[in-house]
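**Student:**
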Amino acid sequence: GQQLNQSPQSMFIQEGEDVSMNCTSSSIFNTWLWYKQDPGEGPVLLIALYKAGELTSNGRLTAQFGITRKDSFLNISASIPSDVGIYFCAGSNTGNQFYFGTGTSLTVIP
Amino acid sequence: GAGVSQTPSNKVTEKGKYVELRCDPISGHTALYWYRQSLGQGPEFLIYFQGTGAADDSGLPNDRFFAVRPEGSVSTLKIQRTERGDSAVYLCASSSSPFSGYTFGSGTRLTVV
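If you read the protein sequences in the order shown, they are chains A and B. So the mapping is simple: the numbering used here equals the position in the first sequence, first residue as 1, plus 66. So the mapping is simple: the numbering used here equals the position in the second sequence, first residue as 1, plus 37.
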């Protein structure tokens, strides 16, 4: 199956700092999604990207669809404690089967 | 309902037993998905339903796994002769259209002892 690698694997940051994480694939995708997962819960959709080069924001979150179509990036500005969780990227060419990354675990220190 | 509902939330079973996991999608969502998430990993695709039919079951690991959605709403994932390696969180999701991203349920944590 497709392999999506996320980096960093984990991050420990101070409240108020900005965060950057990325996701790379061995294959191209025409759709990228970013999800956040809290312990004991299912992933929650944050941002969807549909076009190479596209930059989309959702509040303090901004994500970009890489121009090679093999990568995507997520930035979080002015982090707050509730940003804690695991962030997953997911890519698809069919819209129905998404391949998920390995996750980036974010810890925000107050 | 307001969200995707999965029952039970936790299931412990003995190796070799049969289990059923239930998913109640968001009302009106025609697409339903099952994923499996092992500890420390991202979700892995199992099967996708469009209406009552399984449109893509390429992710089912072997013939011990089977899923149905007889009336195009509730779905049941069935696992026969469970093995310890089947232990994982089984996530169900639904969506109103392709590419729009899913709404996931909270999952069923299956432990095979």
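Even for Gly, the Cβ is constructed at its ideal location relative to N, Cα and C.
Please name the residue or residues paired with residue 94 of chain A in a DSSP beta bridge.
**Tutor:** Per DSSP, none; premise fails for residue 94 of chain A.
**Student:** Tell me the DSSP secondary structure of residue 59 of chain B in three-state form.
**Tutor:** Three-state DSSP puts residue 59 of chain B in a strand.
**Student:** Shortest alpha-carbon distance to residue 89 of chain A belongs to which of A:124, A:123 and A:133?
**Tutor:** Closest option to residue 89 of chain A, Cα to Cα, is A:133.
**Student:** In whole angstroms, what is the alpha-carbon distance linking residue 90 of chain B and residue 174 of chain A?
**Tutor:** So the alpha carbons of these two residues sit roughly 44 Å apart.
**Student:** Would the region 68–86 of chain A count as touching the region 140–147 of chain A if we require 3 or more Cβ pairs under 8 Å?
**Tutor:** They touch, by the three-pair rule.
**Student:** Give me the Cα-Cα distance between residue 106 of chain A and residue 143 of chain B, rounded to the nearest whole angstrom.
**Tutor:** Near 7 Å, if we compare the C-alpha coordinates of residue 143 of chain B and residue 106 of chain A.
**Student:** Within 8 Å of any Cβ in chain B, is that where the Cβ of residue 116 of chain A sits?
**Tutor:** At least one chain B Cβ lies under 8 Å of residue 116 of chain A.
**Student:** Quick one: does residue 68 of chain B have its CB under 8 Å from some CB of chain A?
**Tutor:** Judged by the 8 Å Cβ criterion, residue 68 of chain B is in contact with chain A.
**Student:** The beta strand (DSSP E) that contains residue 138 of chain A, what's its start and end?
**Tutor:** Residue 138 of chain A -> beta strand (DSSP E) spans 137–142.
**Student:** Short of 9 Å Cβ to Cβ, which residues in the region 72–103 of chain B face chain A?
**Tutor:** Taking 9 Å as the Cβ-Cβ cut-off against chain A, the residues of the region 72–103 of chain B that qualify are 72, 74, 77, 78, 79, 80, 81, 82, 85, 87, 92, 93, 95 and 96.
**Student:** Between residue 110 of chain B and residue 129 of chain B, which are expected to be in contact by the criterion C-beta below 8 Å, what is the C-beta distance as a whole number of angstroms?
**Tutor:** No, residue 110 of chain B and residue 129 of chain B are not in contact; Cβ-Cβ is about 12 Å, not under 8 Å.
**Student:** Can you grab the Cα-Cα spacing for the pair residue 102 of chain B / residue 170 of chain A, in whole Å?
**Tutor:** The alpha-carbon atoms of residue 102 of chain B and residue 170 of chain A are separated by roughly 30 Å.
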